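Enquirer:
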Amino acid sequence: MRPRIAHVVAARPNYMKVAPVFAALRSYDVEQALVHTGQHYDANLKDVFFGELTLPPPDVELEVGSGSHAEQTARALVGLEQTFARLEPDLVLVPGDVNSTFAGALAAVKLGIAVCHLEAGLRSFDWTMPEEHNRKLADHLSSLLLTTAENANENLAREGITDGVMLVGNTMIDSLELARDAATELAAWRRFHHEPGGYVLVTLHRPALVDDPGLLGRTLSALARLAETLPVIFPVHPRTRTQIDRLAVDVPAGVQLTPPLAYTEFLSLQVGSAAVVTDSGGIQEETTALGIPCFTLRANTERPVTITHGTNTLLGLSPERIADVPALLAAPMTPRRPELWDGAAGVRAAAAIASALERIAA
Ligand code: UD1
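With this note's numbering as the guide, the letters of the sequence shown map in order to residues 288 to 649.
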């Protein structure tokens, strides 16, 4: 019988990470199933991506939806256990750090199924972040841990995990390289009436920032001031939209709000931007690969290579520091691409998974 893999996806950043691995595994004699937990369910956080990336539509769709962390994780755990019991995969792949990542790893391991964590070993060392719980627990449940950077291997070694750890590079950068030409050609900045290099792109969605009305209000004021010199395009995540509506703030004319965008369109806006201001993890990596300056509104990052090699600057959870962006942009920058962020990480990940499946079968 052909070995079987179940990939678990749940939220927007998962698709770009899994797509290159799924595509590369097509060269092997394996059966693949894509399971979507439904943690993200809005069409513009979900359906729109399947047409754009090399990912087929999900084979299984659960309806986990929103809720408290316990509710969302518990619904994913139960749904995924039933799904794995039915599909009987030999290996379950979980990407990233969302609640469904941890649920998928736990459901699989309880059924005696091997777990592969894609993007293993990242640590912010901030135990208040839900993502830190999810990635750390998923790592400790996994037997194959595919990492994006050397420091992730070091983090895992410090926690006693050395077996099954493999540095394959960043599969999200594979997706970026594949879409880069189309994104440049799309010139999405034109829709917003800007020239390349003539605007700042903003994304904010982390509870630590957007669920705090004081911080969110100060951030919007700081963006309004920045927009007086550099216009701002701000695709708004549903969580952030709710909070902006609750605050009933007047959004100034220089700050253009838009609903969440599709992958190529968002990438296009990154390519054409003067800089990005964000609290996202993945965007710190994409801007590093693109050589676009990134200013991160967080006190820490689980992706330090974006600072040591890339274009990332931590502003802290201090909205007032957005005022420094024009001056920081004037300083020269000589970013380097992190090792193995070369567009071929999916191929290396697929080879590692195929070897793991051979060991399981033996
Ligand atoms: C989740 C992940 C986060 C990831 C982010 C990417 C966890 C703990 N968090 O955060 O790591 O960076 O996704 O976007 O797993 N909502 C909708 N439509 C949707 C999904 C959510 O309107 O399709 C609303 C819900 O009302 C919810 C809010 O957005 O209250 C936040 O969604 P949630 O899934 O809790 O977390 P994210 O902030 O998206």
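All C-beta atoms, glycine included, are put in the ideal place defined by N, C-alpha and C.
In this text, all values refer to a predicted model and were calculated from it rather than measured experimentally.
Would you kindly work out how many angstroms separate the C-alpha atoms of V558 and T565, rounded to a whole number?
Expert: Approximately 15 Å between the Cα atoms of the pair.
Enquirer: If you follow the beta strand (DSSP E) that I460 is part of, which residue opens it and which one closes it?
Expert: Counting along the chain, I460 falls outside any beta strand (DSSP E), though it belongs to the alpha helix (DSSP H) covering T458 to L473.
Enquirer: Enumerated in chain order, which unbroken segments of the alpha helix (DSSP H) with a length of 4 residues or greater are wholly contained in the region 489 to 528?
Expert: Counting only runs of 4 or more, we get 494 to 497 and 500 to 514.
Enquirer: Going by DSSP, which residues form a beta bridge with E318?
Expert: In DSSP, E318 forms a bridge with R291.
Enquirer: How about P382: is its Cβ closer than 7 Å to a heavy atom in ligand 1?
Expert: For ligand 1, not one heavy atom lies less than 7 Å from the Cβ of P382.
Enquirer: Would you mind reading off the limits of the beta strand (DSSP E) that contains H404?
Expert: Its beta strand (DSSP E) spans residues A401 to L405.
Enquirer: A540 to I448, Cα distance in whole Å?
Expert: Between A540 and I448, the C-alpha separation is close to 51 Å.
Enquirer: Does P290 pass the burial test, meaning 16 or more other C-beta atoms within 10 Å, or should it be called exposed?
Expert: Classification for P290: buried.
Enquirer: So if DSSP puts N599 in a beta bridge, which residue, or which two residues, is it bridged to?
Expert: Paired residue(s): C581.
Enquirer: In the structure shown, what three-state DSSP assignment does T652 receive?
Expert: This structure gives no information on residue 652, because the portion of the chain shown stretches from 288 to 649.
Enquirer: Return the residue from the list I609, R493, T575 and R608 that minimises the CA-CA distance to E626.
Expert: Ranking the options by Cα distance to E626, first place goes to T575.
Enquirer: May I ask you to report which of helix, strand or coil DSSP gives Q326?
Expert: If DSSP states are grouped into helix, strand and coil, Q326 belongs with coil.
Enquirer: Does any heavy atom of ligand 1 sit closer than 7 Å to the C-beta of P654?
Expert: The structure shown does not extend to residue 654, since the chain is modelled only from 288 to 649, so the question has no answer here.
Enquirer: For H524, count the other beta carbons within 10 Å of its own beta carbon; 16 or more makes it buried, fewer makes it exposed. Which is it?
Expert: Counting Cβ neighbours within 10 Å, H524 comes out buried, since at least 16 surround it.
Enquirer: Give every residue of the same chain whose Cβ lies closer than 6 Å to the Cβ of T324, excluding the five residues on either side of it in the sequence, and list them in chain order.
Expert: Excluding positions up to five away in sequence, the list reads A297, L349, V351, A363 and S387.
Enquirer: Can we count D499 as close to ligand 1, meaning its CB is less than 7 Å from some heavy atom?
Expert: No.
Enquirer: Residues in its own chain within less than 7 Å of L340 by CB, not counting five upstream and five downstream?
Expert: Y302, M303, A306, S462 and Y550, listed in sequence order.
Enquirer: From this set, P547, L644, T595 and T593, which residue's C-alpha is nearest P300's C-alpha?
Expert: With distances taken between Cα atoms, P300 lies closest to P547.
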